[in-house]
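*Asks:* I have a structure I would like to understand better, so I am pasting it below and will then ask my questions one at a time.
Residue numbers (UniProt numbering): 1 to 245.
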């Protein structure tokens, strides 16, 4: 199987595991950003085992996300180099940052699950968790903007797909910028990040389908887009003039 198709399957697997992870934690009553320390202590004391169960899939989630990023870069880089651009690398950097940041978030959750009910450090750990969780939207912004622009300029993804990525990035950037308010005021502000997150999951799953369906050859098989115009110009400049023959 071609590498890009493997990476496309990885993107879909990532989306499925990510939603499954949320389907485990949300019904269990996972505290939202800004929850009071007493609520956090009660949840992790009573349902720490559920948090540990949900963490089992995280290493595979990080591997799949990295594979997707590598496949997207391989698909887009040759065309980008011709134009002197590196949007796909910006996107890949965002994916790497996402993995690193969420590894810390997961570690904090496991630490909370292992603490006692009256541990005074719970408030500090949860405050750090909330800050990292909300600011983590910045890494997703890099991934969404970089790979949406690169995919569109190379003609790999459709306009609506790129717009979906950029809209999700705008919502996540807004949430990250408002981090202090999101943490201090539970309620509607949290819906901004949630909406952007759901759009991010749909965006990456769709990107995975694009990579699966793409012919396993060179960038000459990319759909018509900005690349076509750039290549056409290069061909014209490289063709000898009729009068010089």
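The C-beta atom is built at its ideal place from N, Cα and C for all residues, glycine as well. Small disclaimer: the values here were computed from a predicted structure and weren't measured.
1) Report back the beta-carbon spacing between residue 214 and residue 4 to the nearest angstrom; my notes put them in contact at under 8 angstroms.
2) Looking only at its own chain, which residues have a Cβ that is under 6 angstroms from the Cβ of residue 67, when we skip the five neighbours before and after it?
3) With 8 angstroms as the threshold, decide whether the Cβ of residue 94 is near any Cβ in chain B.
4) Leaving out five residues on either side along the sequence, give the residues of the same chain with a beta carbon under 7 angstroms from the beta carbon of residue 170.
5) Does the segment 86-103 come close enough to the segment 28-36 to have 3 or more Cβ pairs within less than 8 angstroms?
6) Which ranges does the alpha helix (DSSP H) cover as unbroken runs of at least 4 residues, wholly within the segment 18-80, from first to last along the chain?
7) Would you call residue 100 buried or exposed, if buried means 16 or more other Cβ atoms sit within 10 Å of its Cβ?
8) In three-state DSSP terms, what is residue 86?
9) For residue 97, which residues of its own chain have a beta-carbon under 6 angstroms away from its beta-carbon, when the five flanking residues on both sides are left out?
10) Would the beta-carbon of residue 17 fall within 8 angstroms of that of residue 57?
11) Please classify residue 20: is it buried, with 16 or more other beta-carbons within 10 angstroms of its beta-carbon, or exposed?
12) Please report how far the alpha carbon of residue 13 lies from the alpha carbon of residue 61, in whole angstroms.
13) In whole angstroms, give me the CA-to-CA distance for residue 39 and residue 161.
14) Taking DSSP as the reference, what is the three-state secondary structure of residue 108?
15) Look at the alpha carbon of residue 180 and the alpha carbon of residue 53, and state the distance between them as a whole number of angstroms.
*Replies:* This is what the structure holds:
1) 6 angstroms
2) Listed in chain order, the non-local C-beta contacts of residue 67 below 6 angstroms within the same chain comprise 7, 10, local neighbours out to five positions each way being set aside.
3) Among the protein chains of the structure shown there is no chain B, as only one such chain exists.
4) none
5) no
6) 37-55
7) exposed
8) coil
9) 139
10) Yes. Within cutoff.
11) Residue 20 should be labelled exposed.
12) A straight line joining the alpha-carbon of residue 13 with that of residue 61 spans about 8 angstroms.
13) For the pair residue 39 and residue 161, the Cα-to-Cα distance works out to about 39 angstroms.
14) helix
15) 30 angstroms
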